[in-house]
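**Student:**
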Amino acid sequence: MRYESTPRPEIESHYHIRMLIEGQEKKADDRTYHLNKEKTKAERQDLINDAKPFVLTEFYCQKCREDFKAQSIKEVEIDWSNPNQFIAFYRTKCFEGHWCIRLITDKHRDGYWVRSKAVHRDRGVHYKDTIQPHETGFNLLYKKI
Ligand SMILES: [Zn+2]
Numbered sequence: 196m197r198y199e200s201t202p203r204p205e206i207e208s209h210y211h212i213r214m215l216i217e218g219q220e221k222k223a224d225d226r227t228y229h230l231n232k233e234k235t236k237a238e239r240q241d242l243i244n245d246a247k248p249f250v251l252t253e254f255y256c257q258k259c260r261e262d263f264k265a266q267s268i269k270e271v272e273i274d275w276s277n278p279n280q281f282i283a284f285y286r287t288k289c290f291e292g293h294w295c296i297r298l299i300t301d302k303h304r305d306g307y308w309v310r311s312k313a314v315h316r317d318r319g320v321h322y323k324d325t326i327q328p329h330e331t332g333f334n335l336l337y338k339k340i
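If you count the sequence shown from 1, you need to add 195 to reach the working numbering.
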């Protein structure tokens with residue numbers, strides 16, 4: 196029983212073992228990061244490939260403050276903010292000749308969703324349909340006292 200009473204350091208807290216384990220964990224993290232990055236890149240490529248080369252789509256001109264529909268050709272360029280990635284978009288000129296853009300990749304960066312009056316109108320209708328009596332705005336909409 197002499198052996199069992201001998202104090203042993205926790206194997207994982209030994210500095211050399213700790214370094215090995217941490218090294219392994221870091222490698223696994225790097226691999227996951229790399230895989231995620233590859234996945235995102237592949238997803239972007241799918242978005243680009245799936246987008247029609249020629250569309251009739253909605254645009255919003257910030258200068259004219261008007262929604263309009265126009266035909267446009269898909270364009271693909273290197274994303275200047277990230278040279279490893281491509282960015283795809285539709286671009287057209289409004290009736291006054293201002294450039295307007297719709298992003299195919301990076302939809303969250305597409306200003307159309309924030310600015311378009313048509314989008315706001317759709318959301319307004321939706322908002323009115325779903326509002327509940329206990330919510331603020333109900334009394335204003337339905338003039339209930
Ligand atoms: Zn315009």
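Note that CB positions come from ideal geometry on N, CA and C, so glycine has one too.
This structure is a prediction, so every number in the text was calculated from the model and none was measured.
Considering just the uninterrupted stretch of the alpha helix (DSSP H) at R310, what are its terminal residues?
**Tutor:** Element bounds for R310: Y307 to R310.
**Student:** Quick check on A313: does DSSP put it in helix, strand or coil?
**Tutor:** In the structure shown, A313 sits in a helix (DSSP, three-state: H, G or I).
**Student:** Please tell me whether, using a cut-off of 7 Å, the distance from the CB of H229 to the nearest non-hydrogen atom of ligand 1 is below it.
**Tutor:** Flag unset: Cβ of H229 not near ligand 1.
**Student:** Do you know whose CA, among M214, F263 and A246, lies nearest E253's CA?
**Tutor:** The residue with the shortest Cα to Cα distance from E253 is F263.
**Student:** For Q280, which three-state DSSP category applies?
**Tutor:** It is coil, neither helix nor strand.
**Student:** Roughly how many angstroms separate the alpha carbons of R286 and R226, rounded to a whole number?
**Tutor:** If I take the Cα positions, the gap works out to 37 Å.
**Student:** Any residue with its Cβ nearer than 5 Å to a heavy atom of ligand 1 should be included. What is that list in chain order?
**Tutor:** Matched residues: C256, K258, C259, C289, E291 and H293.
**Student:** In whole angstroms, give me the CA-to-CA distance for K221 and I212.
**Tutor:** Those two C-alpha atoms are separated by around 14 Å.
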